[in-house]
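Visitor: Residue numbering for the sequence shown follows the numbering used here, beginning at 3 and increasing consecutively. Just so you know, even glycine gets a beta-carbon here, dropped at the ideal spot from N, CA and C.
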Amino acid sequence: MRLRPSTPPPTEPTVAQPDELAARVDQAVALVDARLATGHRDRQQLVDALLDVRNLLRPPRQS
Numbered sequence: 003m004r005l006r007p008s009t010p011p012p013t014e015p016t017v018a019q020p021d022e023l024a025a026r027v028d029q030a031v032a033l034v035d036a037r038l039a040t041g042h043r044d045r046q047q048l049v050d051a052l053l054d055v056r057n058l059l060r061p062p063r064q065s
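Below, the structure written as structure tokens:
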């Protein structure tokens, strides 16, 4: 019989406060708007902007 390796207990996700989340959304929207305002509305630029938005909306990692 093989024993399963022990797994660490799940951690509670960090929930952003409404004001903090609103600030991140505003920053993300401004970032996308700035990227699209350059006139080069190609697909990769939009993908990059959306990836930046995803990263901005994630709560900061706690060390």
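1) What is the rounded straight-line gap between the Cα of residue 51 and the Cα of residue 20?
2) What's the C-alpha gap between residue 26 and residue 58?
3) Rounded to the nearest angstrom, what separates residue 47 and residue 30 at their Cα positions?
4) Beta-carbon within less than 6 Å of residue 54's beta-carbon, same chain only, minus the 5 sequence neighbours each way: which residues are those?
5) Looking only at its own chain, which residues have a Cβ that is under 6 Å from the Cβ of residue 37, when we skip the five neighbours before and after it?
Guide: Walking through what the data contain:
1) Looking at the two C-alpha atoms, the distance is approximately 23 Å.
2) Whole-angstrom Cα-Cα distance: 6 Å.
3) Straight-line Cα distance between these residues: approximately 14 Å.
4) Once the five neighbours on either side are set aside, the close Cβ partners of residue 54 are 33.
5) If we look at residue 37 and ignore the five residues flanking it on each side, its Cβ neighbours are 47 and 51.
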